[in-house]
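Participant: Residue numbers (the numbering used here), protein chains in the order written: chain X, -6 to 220; chain F, -6 to 220.
Protein chains: 2
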Amino acid sequence: MLPKFDSVFSIDCVIFGFEAGELKILLIERNEEPYKDWLALPGYIVEQDESIDDAAERILYELTGLRDMHMQQFHTFGEVNRHPQGRVITVAYYALIRINGQKELRPVTQYAKKAFWHPVNELPKLAFDHSEIFNTGFNKIRRRLHYQPIAFELLPEKFTLTQLQSLYETVLNKKLDKRNFRKKMLSYGFLKELDEKQKGVSYRAAKLYKFDKRKYGKIFQGEMTLA
Amino acid sequence: MLPKFDSVFSIDCVIFGFEAGELKILLIERNEEPYKDWLALPGYIVEQDESIDDAAERILYELTGLRDMHMQQFHTFGEVNRHPQGRVITVAYYALIRINGQKELRPVTQYAKKAFWHPVNELPKLAFDHSEIFNTGFNKIRRRLHYQPIAFELLPEKFTLTQLQSLYETVLNKKLDKRNFRKKMLSYGFLKELDEKQKGVSYRAAKLYKFDKRKYGKIFQGEMTLA
DNA sequence: AGATAGTGTGTGAAATTTACACCGTTAAAT
DNA sequence: ATTTAACGGTGTAAATTTCACACACTATCT
């Protein structure tokens, strides 16, 4: 028999990454009952003496080894029976990050066997109500893509316009017109054209661009409409 | 010395109403420590055996006498010291409702001395972090006004176009052009023109309109851009 | 030298947004 | 009966934004 508990707060994290033209999220394989061996979102219990924002950072780190992600809460799930051991209300956070091969995923606690990226299409069944949490989060960023510069958090620092477009197409799940897309993106004035070109491709190399955060801040006060 | 408690969930409600060209919110006067006699948002503790959505309905009812409001959560506040007696994480909900003189505000518990409407301008200091909660909620509905038909929840069932425009102007805090506003609103096709006119005004009576929820649903699938 | 794969560019039509002002109606006041 | 005060209701033209659409260029690989 598992222990029962009352009134526990937890955090669950939906972390998006973009790699090889695919959108992925970060999952763990659980090493604890309930749902031992299942796949799940990185999530755990909030301590008494930490804010939920701090808890989110800590928990993500402990379960995946990733630090200093900028996460934002997007919804709180509070159905009575969402956790088999008792009443657990969970605040869900999301972040968008660059998948650089460099950062290793290595849980620092025993609660997770491992952490890994998984394409958002063909997601398996997840533990608890994590599939629902994921869907809610995915819809959230899909909307947010239209009015916040979140695409640039997923791309490498230097990127081509085609990569940017491909990201939009993936998240929004629809084709966009190349000429119109480029015209519009460039018209905002927050993309900085670099003197550098793509390398290692077997076709004409494309120009690289950077997202210029300062210019963005000057142009919009947190508001914009994109793609 | 007040009792201390651990890990409590609570709900706080930001309920908007519109009356006499003014936007108002529902406040209570507290009858309990801490912050006894202060003004506060209606809010209380979630029970073990109720979902947070259910808790929100119950709590609003107990503190104000209002029932069957359709509330939606908008943010969760989880700073460590937001409550002087211990760790309390609160999920904030909002709703927009018609202030009909008819519905009486009458708390059914002792936790509130009374409940009343207060204009959103010139809000006094509120208990706990309720001022921050209110601001977050106000920003939320301000954004949402642009893409969800929430204005119609604030107006009486039958309303004039001028009332509708005045509501938009109040919430967005800017003047809109009368002709453009009417043209656009009518172009959506979800406003039903009634055969009735305004009564009891000392000037030419305006036509009354109704929001046609069915048509709205057909036209948009939860998406729109307004004003 | 040719094949392959993706880069980069412009125009016109259609739709949407914006700016703008006056006469009509009603009830209350004189 | 007339006037006044207050709001109701309406159209057009210019500017801007969105949308649809196709081909020549460049780099690499064989």
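Using N, Cα and C, we set each Cβ at its ideal position, and we do this for glycine too.
Please list the segments of the alpha helix (DSSP H) lying wholly inside the region 6 to 80 of chain F, counting only runs of 4 or more residues, in order along the chain.
Facilitator: 45 to 57
Participant: On the three-state DSSP scale, how would you describe Met(-6)/X?
Facilitator: In this prediction, Met(-6)/X scores a pLDDT of 49, lower than 50, which makes its location untrustworthy; no coordinate-derived value is stated.
Participant: List the residues of chain F that Thr163/X touches, going by C-beta distances under 9 Å, in chain order.
Facilitator: Within 9 Å Cβ-Cβ: nothing; Thr163/X doesn't reach chain F, min ~20 Å.
Participant: Using 8 Å as the threshold, is the C-beta distance between Leu147/X and Leu98/X below it?
Facilitator: no
Participant: Exposed or buried, what is Val101/X when buried is set at 16 or more other beta-carbons lying within 10 Å of its beta-carbon?
Facilitator: exposed
Participant: With a floor of 3 residues, list each beta strand (DSSP E) that falls wholly inside the region 102 to 131 of chain F, ordered by position along the chain.
Facilitator: Whole beta strand (DSSP E) segments, 3+ residues: 105 to 112.
Participant: Classify Ser180/X as helix, strand or coil using the three-state DSSP reduction.
Facilitator: helix
Participant: Between Arg80/F and chain X, is the shortest Cβ-Cβ distance under 8 Å, so that the two count as touching?
Facilitator: Yes, because at least one Cβ of chain X sits closer than 8 Å to the Cβ of Arg80/F.
Participant: Any idea what DSSP makes of Phe2/F, helix, strand or coil?
Facilitator: strand
Participant: Is the shortest distance between the beta-carbon of Phe213/F and the beta-carbons of chain X less than 8 Å?
Facilitator: False, the Cβ-Cβ gap to chain X never drops below 8 Å.
Participant: At 8 Å on the CB atoms, spell out the chain X contacts of Val1/F, in chain order.
Facilitator: Contact of Val1/F with chain X by beta-carbon distance below 8 Å involves Ser0.
Participant: Following the continuous alpha helix (DSSP H) through Tyr161/F, name the residue where it begins and the one where it ends.
Facilitator: 154 to 165
Participant: Examine the Cβ distances between the region 149 to 160 of chain F and the region 116 to 124 of chain F and report whether three or more of them are shorter than 8 Å.
Facilitator: no
Participant: Taking Cβ positions only, does Val73/F come closer than 8 Å to chain X?
Facilitator: yes
Participant: Please list the terminal residues of the continuous alpha helix (DSSP H) segment that includes Leu147/F.
Facilitator: 144 to 147
Participant: By the 9 Å beta-carbon criterion, what residues does the region 34 to 57 of chain F contribute toward chain X?
Facilitator: Residues Val39, Gln41, Asp42, Glu43, Ser44, Ile45, Asp46, Asp47, Ala48.
Participant: Between Arg75/X and Asp122/X, which are expected to be in contact by the criterion C-beta below 8 Å, what is the C-beta distance as a whole number of angstroms?
Facilitator: 5 Å
Participant: Would you mind sorting Phe109/X into buried or exposed? The rule is 16 or more other CB atoms within 10 Å of its CB.
Facilitator: exposed
Participant: Identify which residue in Leu56/X, Glu12/X, Val73/X, Tyr86/X has its Cα closest to the Cα of Thr69/F.
Facilitator: If you compare the alpha carbons of Leu56/X, Glu12/X, Val73/X, Tyr86/X with that of Thr69/F, the shortest gap goes to Tyr86/X.
Participant: Using the beta-carbon count (16 or more within 10 Å), is Ile143/F buried or exposed?
Facilitator: buried
Participant: Exposed or buried, Val84/F, counting other C-beta atoms within 10 Å across all chains shown (16 or more means buried)?
Facilitator: buried
Participant: Do you know offhand how far Arg137/X's Cα is from Met178/X's?
Facilitator: 16 Å
Participant: Looking only at its chain, what residues have a beta carbon closer than 8 Å to the beta carbon of Lys208/F, apart from the 5 residues adjacent to it on each side?
Facilitator: Once the five neighbours on either side are set aside, the close Cβ partners of Lys208/F are Gly182, Phe183, Lys185.
Participant: Within the same chain, show all residues whose beta-carbon is closer than 7 Å to that of Ile126/F, passing over the 5 residues directly before and after it, in chain order.
Facilitator: Excluding residues within five positions, the ones whose Cβ falls inside 7 Å are Asp5, Val7, Leu34, Phe70, Ala85.
Participant: Sorted by chain position, which residues of the same chain lie with C-beta nearer than 6 Å to Lys107/F's C-beta, five sequence neighbours on each side aside?
Facilitator: Glu22
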